[in-house]
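So for the sequence shown, the working numbering puts the first residue at 733; every next one is plus one.
Every residue gets a Cβ at the ideal spot worked out from N, C-alpha and C, and that includes glycine.
Model, not experiment: these values are computed from the prediction.
Report on the following structure.
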Amino acid sequence: MPEHPALSLLREILDVGDEIAQALSRQNFEYLPELTQRRSLLLAQLQQHPLPESFDPEWEVLRVALNAQHRRLNELLAETERQLAQALLEVEHYKRARHQYQETSPRQVLREDLRG
Numbered sequence: 733m734p735e736h737p738a739l740s741l742l743r744e745i746l747d748v749g750d751e752i753a754q755a756l757s758r759q760n761f762e763y764l765p766e767l768t769q770r771r772s773l774l775l776a777q778l779q780q781h782p783l784p785e786s787f788d789p790e791w792e793v794l795r796v797a798l799n800a801q802h803r804r805l806n807e808l809l810a811e812t813e814r815q816l817a818q819a820l821l822e823v824e825h826y827k828r829a830r831h832q833y834q835e836t837s838p839r840q841v842l843r844e845d846l847r848g
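Dropping the structure here:
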């Protein structure tokens, strides 16, 4: 019996999802647009294929794996967003501290003492 055409698409979508997870965990954000676009195209192709008419255990396993991966990727995206928001907050703290530090340089204080 020939393999249902959607099975290879499901495997490919899962592979791309794994690549997305790796890019997120390694903070290789420059690869995310390409990977998410590729995943979207594969999902669109999957929608064009009819579902298997009879029970197919491999289809079910891949379908469940895809749903689990989707949840895991959403969790990773939320965690990454939280980390990036924290990093932005830290950058703002740093900028304020740098600005405050640069407002009063030792030269200014020493010049005022010499004048006084």
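Look up residue i in the DSSP assignment and say whether it is helix, strand or coil.
{"i": "T836", "result": "coil"}
{"i": "P789", "result": "helix"}
{"i": "Q777", "result": "helix"}
{"i": "H825", "result": "helix"}
{"i": "H736", "result": "coil"}
Roughly how far, in whole angstroms, is the beta-carbon of residue i from the beta-carbon of residue j, given that I think they are within contact range, below 8 Å?
{"i": "Q801", "j": "G749", "result": "5 Å"}
{"i": "L778", "j": "L742", "result": "7 Å"}
{"i": "I752", "j": "L767", "result": "5 Å"}
To the nearest angstrom, how far is it from the Cα of residue i to the Cα of residue j?
{"i": "A776", "j": "D747", "result": "16 Å"}
{"i": "L783", "j": "Q769", "result": "23 Å"}
{"i": "E792", "j": "H736", "result": "12 Å"}
{"i": "E835", "j": "A817", "result": "27 Å"}
{"i": "A755", "j": "R839", "result": "47 Å"}
{"i": "E762", "j": "I745", "result": "19 Å"}
{"i": "R771", "j": "E785", "result": "25 Å"}
Use the C-beta contact count for residue i: other C-beta atoms within 10 angstroms, 16 or more gives buried, fewer gives exposed.
{"i": "R814", "result": "exposed"}
{"i": "R804", "result": "exposed"}
{"i": "R830", "result": "exposed"}
{"i": "M828", "result": "The sequence given here has Arg at residue 828, not Met. Exposed: under 16 other Cβ atoms inside 10 Å."}
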